[in-house]
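Colleague: My structure is below; once you've seen it, I'll send some questions.
2 protein chains.
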Amino acid sequence: MRTELCERLGIEYPIFAFTPSEKVAAAVSRAGGLGVLGCVRFNDAEELDGVLNWMDENTDGKPYGVDIVMPMKIPTEGTSVDLKAMIPGEHISFVEETLRKLGVPPLPDGEGREGVLGWLHSTARSHVDVALQHRPVLIANALGTPPNDVIEQAHEHGVLVAALAGAGKHAASHVANGVDIIVSQGYEAGGHTGEIASMVLTPEIVDSVGPDVPVLAAGGIGCGRQVAASLALGAQGVWTGSLWLTVAEYDLGSSDAIQRALLKAGSADTVRSRVYTGKPARLLKNKWTAAWEEEGAPAPLPMPLQNILVSDAHNRMSAADDPDVVAMPAGQIIGRTNEVRPVAQVMAELIAEYEETVTRLEKIRG
Amino acid sequence: MRTELCERLGIEYPIFAFTPSEKVAAAVSRAGGLGVLGCVRFNDAEELDGVLNWMDENTDGKPYGVDIVMPMKIPTEGTSVDLKAMIPGEHISFVEETLRKLGVPPLPDGEGREGVLGWLHSTARSHVDVALQHRPVLIANALGTPPNDVIEQAHEHGVLVAALAGAGKHAASHVANGVDIIVSQGYEAGGHTGEIASMVLTPEIVDSVGPDVPVLAAGGIGCGRQVAASLALGAQGVWTGSLWLTVAEYDLGSSDAIQRALLKAGSADTVRSRVYTGKPARLLKNKWTAAWEEEGAPAPLPMPLQNILVSDAHNRMSAADDPDVVAMPAGQIIGRTNEVRPVAQVMAELIAEYEETVTRLEKIRG
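For the protein sequence lines, the chains are X and H, in the order given. Residues in the first sequence are numbered consecutively from 1, following our numbering. Residues in the second sequence are numbered consecutively from 367, following our numbering.
Shown next as structure tokens:
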């Protein structure tokens, strides 16, 4: 399973795995795909530097990528303390009261951390600076076109730039601004996503950007049939995320409740909601997301305020270990991840089922 | 492009075209697909009989199907006059006021008709009785499992029964009740639809019903890449609808405004809403659907009351000829139907692009 993009990036299979876990990212790269480390969880650039050192040493010299979260147009700055002043009291009370109703205890003294600052421009820029001191082959931006100077900086280091798009016109605009690779993010995808489903969106974006710009299909990809379908739609590769949340190598923090929730969830157990960051994102559907849909609940705040508002709540829910009360981006494909498997097995199954699928399509063609 | 289902139904290509137009259905069947005539518009069984006579004579002896709308469990009966008594005055006033605001004139004296009774059990049963006096090879039900005796009646005539499903468990239940073919109706599809997108839903349903039950993928299919993707996902064929609303042969009534609206619409110009029938259905997004989302608008009524409530409004909008104020089920694929083409050309392009796509996938496999 090789496309032109494999040659450009030096990878064996056009399977891109977005994951916050360096263990998972490294395992995907070692298995011939491209592990893409999500950097938004690193408030501290030195911590990211350390993790990328680990990646450099644990990927058998194979390529990897990084994913940052950088809005092009809204360089919202300030510490989380400054930003907290912009959050209405009504919202703070609602979150506190909801956690109380759902039985989520406060964090033990001394635990907890600042709001996630990875959403902010200054933090994301430090991520780019640190990443470029290592050997990523790809910098992806989950929030559209990165600023021009960041694209130039990446290109100077020979690093390709990818950006997510949920509509043909956004993809064309990314390309006009210098982005190299488009991630076509379908409705069914986890995290920030639009309303156009992958089946319609992928060929629309492929046609919109033309044959010289590689497109990665994202949303709804968890088995080899879905890889084949995505490549049939014109993608040069697949961008997968939720698939890697339940692999054996995933070891992030107090994630047991989240992993149990993911393993038992069906494809209908997600919801597209603004409660996680302020922008529509697909999340696990549970008591927490339902609370925000009840009558009288406040409308979520715009990004980045909503994320700061709920940041402590996220930590409390993770610590509480109740699978029905977690905050977790996840795509509809979680209906297919019902057991813990090692990365190498997931990769092997994707590739084998792709090959079987093409054989089946050949027979149908006659 | 042949699957086992082609043999069973005596068709050349596993392309199923749902359409209210007998002209379009017949042209698809003549081109080697299976035209499936939507019967819900026929309040009068004799009118359907006449149209099926025409189909018998204009399909070169090739197979065709019919589509009815028959709920298994809610045999709502009564004339539209009885049912009208169940509609709140608030709703009637809202519709009247909305039409006034949107500049939709009343129908000229003597025009208009009763609410669409095709949603009712008695009407749908008369459709089945009439259809079985002709030579359909397939009866599809847009509302899930048909009643057991209808399935038996079809099977006695050697006619296969298809039912739409938006979840794996619904598909399995259809099969347990005797349904032969599952139409996997993805989120992006026009008309009644659920929340799971085709990329996730099709393989989920294929796995749920097992290898002996053919699945047709529906939702988001308008080009050969999408046909290939659907078959890659495990479907034995594709069920298409919106694709045929803008073909040259489509000649239903005062549809000019609707056709202009469809031709100019992009993939983002649909909305999933209960305003058409009372159940969630994907429609063209326009001033009419927006009015129902404004603050103060009443919640749509349950099926079949909502359809009766808005039936006159639908007729008035069709007569008014304003493409921004129409009521029309349509899928996200309408972003791809931007010109009027004859059915034979659409079919030829689907098939050619399917073949090109498989060749591309073979090269990627290496």
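Backbone N, C-alpha and C define an ideal beta-carbon position, used for all residues, glycine too.
#1: Thinking just about the alpha-carbon of each residue, which of X:Val209, X:Ile196 and X:His192 is nearest to the one in Ile182 (chain X)?
#2: From the DSSP output, in three-state form, read off Leu650 (chain H) for me.
#3: What residue from X:Leu350, X:Gly50, X:Asn177 and X:Tyr276 has the CA that sits closest to Thr337 (chain X)'s CA?
#4: Closer than 7 Å by beta-carbon distance: list the chain H residues that pair up with Pro203 (chain X), in chain order.
#5: Taking only beta carbons into account, state which residues of the stretch 345-363 of chain X come closer than 8 Å to chain H, listed in chain order.
#6: Are the CB atoms of Gly398 (chain H) and Tyr430 (chain H) within a distance shorter than 8 Å?
#7: On a Cα-Cα basis, can you pick out the residue from X:Leu102, X:Leu252, X:Arg282 and X:Gly166 that is closest to Arg41 (chain X)?
#8: At which residues does the alpha helix (DSSP H) containing Val275 (chain X) begin and terminate?
#9: Starting from Trp605 (chain H), follow the alpha helix (DSSP H) in both directions and report where the run begins and ends.
#10: Pull up the CB-CB distance for Thr359 (chain X) and Gly224 (chain X), whole angstroms please, since I reckon it's below 8 Å.
#11: Can you list the residues of chain H that Gln332 (chain X) reaches, using a CB-CB cut of under 7 Å?
#12: Please classify Gly672 (chain H) as buried or exposed, where buried requires at least 16 neighbouring CB atoms within 10 angstroms.
#13: Scan the stretch 27-50 of chain X for residues whose Cβ lies nearer than 8 Å to a Cβ of chain H and list them as they occur along the chain.
#14: My parser needs the beta strand (DSSP E) runs of 3 or more residues fully inside the stretch 105-164 of chain X; what are they?
#15: Can you look up Tyr354 (chain X) in the DSSP assignment and give me helix, strand or coil?
#16: Would Ala197 (chain X) and Ser395 (chain H) qualify as a contact pair, given that the criterion is a beta-carbon distance under 8 Å?
#17: Please name the residues in the stretch 604-618 of chain H whose beta-carbon is closer than 8 Å to at least one beta-carbon of chain X, in chain order.
#18: Name, please, each residue of chain X whose Cβ falls closer than 7 Å to the Cβ of Thr655 (chain H).
#19: Is Phe384 (chain H) close to chain X, meaning its C-beta is less than 8 Å from at least one C-beta of that chain?
#20: Might you give, ordered along the chain, the residues of its own chain that have their beta carbon closer than 7 Å to the beta carbon of Thr511 (chain H), omitting 5 neighbours on each side?
#21: Would you list, in chain order, the members of the stretch 630-661 of chain H that have their beta-carbon closer than 7 Å to a beta-carbon of chain X?
#22: Check the DSSP bridge columns for Arg341 (chain X) and list the partner residues they point to.
#23: Closer than 8 Å by beta-carbon distance: list the chain X residues that pair up with Arg368 (chain H), in chain order.
#24: From Ala281 (chain X) to Thr489 (chain H), what does the alpha carbon distance come to, in whole angstroms?
#25: Which residues of the stretch 180-192 of chain X have a Cβ closer than 7 Å to any Cβ of chain H? Give them in chain order.
#26: Please state the DSSP three-state secondary structure of Val417 (chain H).
#27: Express the C-alpha separation of Val247 (chain X) and Gln259 (chain X) in angstroms, rounding to a whole number.
#28: Within the continuous beta strand (DSSP E) that includes Ala171 (chain X), where are the two ends?
#29: Quick check on this structure: which residue in X:Val24, X:Val326, X:Leu52 and X:His91 has the alpha carbon closest to the alpha carbon of Leu301 (chain X)?
#30: Would you mind telling me which residues of chain X sit closer than 7 Å to Ala686 (chain H), beta carbon to beta carbon, in chain order?
#31: For Thr289 (chain X), which option in X:Phe16, X:Val51, X:Leu99 and X:Ile15 has the closest C-alpha, if you only look at C-alpha atoms?
#32: If you compare alpha carbons, which of X:Arg135, X:Ser273 and X:Glu249 is closest to Ala27 (chain X)?
#33: Quick check: Ile700 (chain H) and Ser608 (chain H), are their CB atoms within less than 8 Å of each other?
#34: How about Pro75 (chain X): is its C-beta nearer than 8 Å to some C-beta of chain H?
#35: What does Ala583 (chain H) pair with, by DSSP beta-bridge criteria?
#36: Quick check: is the beta carbon of Gly10 (chain X) nearer than 8 Å to any beta carbon in chain C?
Modeller: Judging by the given coordinates:
#1: Against the first sequence, residue 182 (chain X) aligns to sequence position 182. Of X:Val209, X:Ile196 and X:His192, the residue nearest in Cα terms is X:Val209.
#2: Locating residue 650 (chain H) in the second sequence gives position 284, where the first residue counts as 1. In this structure, Leu650 (chain H) counts as strand in the three-state DSSP scheme.
#3: If you number the first sequence from 1, residue 337 (chain X) lands on position 337. Of X:Leu350, X:Gly50, X:Asn177 and X:Tyr276, the residue nearest in Cα terms is X:Leu350.
#4: Numbered from its first residue, the first sequence carries residue 203 (chain X) at position 203. Result: Cys589, Arg591 and Gln592.
#5: Residues passing the 8 Å Cβ filter: Tyr354, Glu355, Thr357, Val358, Arg360, Leu361 and Glu362.
#6: Within the second sequence, residue 430 (chain H) is the residue found at index 64, counting from 1. Within the second sequence, residue 398 (chain H) is the residue found at index 32, counting from 1. Cβ atoms of Tyr430 (chain H) and Gly398 (chain H): not closer than 8 Å.
#7: Start at 1 with the first residue of the first sequence, and residue 41 (chain X) comes out as number 41. Answer by Cα proximity: X:Leu252.
#8: Taking the first sequence and counting its residues from 1, the one referred to as residue 275 (chain X) is at position 275. It is not in any alpha helix (DSSP H) - Val275 (chain X) carries neither H nor E in the DSSP assignment.
#9: Here residue 605 (chain H) is taken as the residue at index 239 of the second sequence, counted from 1. Where Trp605 (chain H) is concerned, there is no enclosing alpha helix (DSSP H), although the beta strand (DSSP E) it sits in stretches over Gly603 to Thr606.
#10: Taking the first sequence and counting its residues from 1, the one referred to as residue 359 (chain X) is at position 359. Taking the first sequence and counting its residues from 1, the one referred to as residue 224 (chain X) is at position 224. For Thr359 (chain X) against Gly224 (chain X), the beta-carbon gap comes to about 11 Å, at or over 8 Å, which does not count as contact.
#11: Reading the first sequence from its first residue, position 332 is the one you call residue 332 (chain X). Within chain H, the residues near Gln332 (chain X) are Ile562, Ala563 and Val566.
#12: Residue mapping note: residue 672 (chain H) aligns to position 306 of the second sequence, counting from 1. Here residue 672 (chain H) is Gln; the residue named in the question, Gly, does not match the sequence. Buried is the label assigned to Gln672 (chain H), since at least 16 other Cβ atoms lie within 10 Å of its Cβ.
#13: Result list empty, no residue passes.
#14: DSSP runs (the beta strand (DSSP E)) wholly in the stretch 105-164 of chain X: 138-141.
#15: As a first step, residue 354 (chain X) must be located in the first sequence, where it is residue number 354. Residue state, collapsed to three classes: helix.
#16: The count along the first sequence starts at 1 and reaches residue 197 (chain X) at position 197. The count along the second sequence starts at 1 and reaches residue 395 (chain H) at position 29. By the CB criterion at 8 Å, Ala197 (chain X) and Ser395 (chain H) fall outside the cutoff.
#17: So the list is empty, because no residue satisfies the distance condition.
#18: The residue labelled residue 655 (chain H) in the question sits at position 289 within the second sequence. Here the premise fails: no neighbours, minimum Cβ distance about 14 Å.
#19: Working through the second sequence from its first residue, we reach residue 384 (chain H) at position 18. No, its Cβ sits nowhere closer than 8 Å to a Cβ of chain X.
#20: Counted from its first residue, the second sequence places residue 511 (chain H) at position 145. Only residues of its own chain outside the window of five on either side were considered, and among them Met438, Ala529, Ser539, His540, Asn543 and Val545 have a CB closer than 7 Å to the CB of Thr511 (chain H), listed in chain order.
#21: For the stretch 630-661 of chain H, which is checked against every Cβ of chain X, the residues closer than 7 Å are Ser633 and Ala634.
#22: Walking along the first sequence from the start, residue 341 (chain X) turns up at place 341. Per the DSSP secondary-structure output, Arg341 (chain X) pairs in a beta bridge with X:Val247.
#23: Here residue 368 (chain H) is taken as the residue at index 2 of the second sequence, counted from 1. Those are Ile364 and Gly366, listed as they occur along chain X.
#24: As a first step, residue 281 (chain X) must be located in the first sequence, where it is residue number 281. As a first step, residue 489 (chain H) must be located in the second sequence, where it is residue number 123. Between Ala281 (chain X) and Thr489 (chain H), the C-alpha separation is close to 43 Å.
#25: Correct list: Gly186, Tyr187 and Glu188.
#26: As a working mapping, residue 417 (chain H) is identified with position 51 in the second sequence. Per DSSP, reduced to three states, the secondary structure at Val417 (chain H) is helical.
#27: For the purposes of this step, residue 259 (chain X) is taken as the residue at position 259 of the first sequence. For the purposes of this step, residue 247 (chain X) is taken as the residue at position 247 of the first sequence. Rounded to the nearest angstrom, the two C-alpha atoms are 9 Å apart.
#28: Taking the first sequence and counting its residues from 1, the one referred to as residue 171 (chain X) is at position 171. Element bounds for Ala171 (chain X): not the beta strand (DSSP E) but the alpha helix (DSSP H), Gly168 to Ala176.
#29: Sequence index remark: in the first sequence, residue 301 (chain X) carries index 301 (1-based). Looking at the Cα atoms, X:His91 is the closest of the given residues.
#30: As a working mapping, residue 686 (chain H) is identified with position 320 in the second sequence. Near Ala686 (chain H) there are no residues of chain X at all, since even the closest Cβ is about 28 Å away, more than 7 Å.
#31: Within the first sequence, numbered from 1, the residue matching residue 289 (chain X) stands at position 289. For the options X:Phe16, X:Val51, X:Leu99 and X:Ile15, the alpha carbon positioned closest to that of Thr289 (chain X) is the one of X:Leu99.
#32: To locate residue 27 (chain X), count along the first sequence from 1; it is residue 27. Across the set X:Arg135, X:Ser273 and X:Glu249, the C-alpha of X:Glu249 shows the shortest separation from the C-alpha of Ala27 (chain X).
#33: As a first step, residue 700 (chain H) must be located in the second sequence, where it is residue number 334. As a first step, residue 608 (chain H) must be located in the second sequence, where it is residue number 242. Yes.
#34: Position 75 of the first sequence, counted from the start, is the residue given in the question as residue 75 (chain X). Residue confidence is low: Pro75 (chain X) scores 48 on pLDDT, short of 50, so the model does not pin down where it sits. Its coordinate-derived value is still stated next. For Pro75 (chain X), the answer is no, since every Cβ of chain H falls outside 8 Å of its Cβ.
#35: Numbered from its first residue, the second sequence carries residue 583 (chain H) at position 217. In DSSP, Ala583 (chain H) forms a bridge with H:Ser550 and H:Val604.
#36: You won't find chain C in this structure, because its protein chains are X and H.
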